[in-house]
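S.K.:
Residue numbers (this note's numbering): 37 to 224.
So this is what it looks like as structure tokens:
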């Protein structure tokens, strides 16, 4: 069994006459944290959107877990592209329950465990709309963990956070990689 879980070969994305991603190659091995680093407009989000199937690939190939059936591979990956999608009128737990319902994971004990893992177990009935940006990011990561993914693809999860919030998210990502053996691809 190969340790390569994401492979991109010469990925290219063109919008009209503008080439936003040009011959991008990537190999992600199991059990590591990887970073896509570059300035705004470098194509990081577009690469992640191609991986998630949110935009088409103009040219090039991808494989997940050694397989070209991308939909099958995506079932083992959770994506948080740009901002976490939360219902601001629901609590952290209600947001988790909703995502759990959509993904067919009705395990109430799992919700408590995930909320504790990301540090949101004590927010009670506070609505997500009243959360700080860091709390929203942690809730987004919690929602991505519902399906117990082998890989997390996170688009700028520390964007806009204060220094303490950045440290919290970094610690959470290291904890995910070390304690849950989740491979992480992050952009910054």
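Virtual Cβ for every residue (Gly too), placed ideally from N, Cα, C.
Less than 8 Å between the beta carbons of residue 54 and residue 82, yes or no?
M.R.: Position 18 of the chain shown, counting from 1, holds the residue named residue 54. Position 46 of the chain shown, counting from 1, holds the residue named residue 82. In this structure, residue 82 does not lie closer than 8 Å to residue 54 by Cβ.
S.K.: Determine, using beta carbons only, whether residue 220 and residue 212 come nearer to each other than 8 Å.
M.R.: Taking the chain shown and counting its residues from 1, one reaches residue 220 at position 184. Taking the chain shown and counting its residues from 1, one reaches residue 212 at position 176. Result yes, Cβ atoms of residue 220 and residue 212 sit closer than 8 Å.
S.K.: Going by alpha carbons, who is nearest to residue 181 out of 198, 204, 200, 139?
M.R.: By one-based count along the chain shown, residue 181 stands at place 145. Among 198, 204, 200, 139, the Cα nearest to that of residue 181 is on 139.
S.K.: For the ligand SAH, I want to know if residue 144 counts as a neighbour, meaning its beta carbon is within less than 7 Å of at least one of the ligand's heavy atoms.
M.R.: This structure does not include the ligand SAH; it has no bound ligands of any sort.
S.K.: Report the rounded CA-to-CA distance for residue 176 versus residue 43, giving the unit in angstroms.
M.R.: Numbered from its first residue, the chain shown carries residue 176 at position 140. Numbered from its first residue, the chain shown carries residue 43 at position 7. Residue 176 and residue 43: Cα-Cα distance of roughly 25 Å.
S.K.: With a threshold of 8 Å, are at least 3 pairs of Cβ atoms found where one atom belongs to the region 121 to 140 and the other to the region 82 to 94?
M.R.: Judged by Cβ distances under 8 Å, the region 121 to 140 makes no contact with the region 82 to 94, as fewer than three pairs qualify.
S.K.: Need the endpoints of the beta strand (DSSP E) that residue 130 sits in, please.
M.R.: Residue 130 sits at position 94 when you count from the first residue of the chain shown. Element bounds for residue 130: not the beta strand (DSSP E) but the alpha helix (DSSP H), 128 to 139.
S.K.: Report yes if the CB atom of residue 41 is closer than 8 Å to the CB atom of residue 115, and no otherwise.
M.R.: Taking the chain shown and counting its residues from 1, the one referred to as residue 41 is at position 5. Taking the chain shown and counting its residues from 1, the one referred to as residue 115 is at position 79. In this structure, residue 115 does not lie closer than 8 Å to residue 41 by Cβ.
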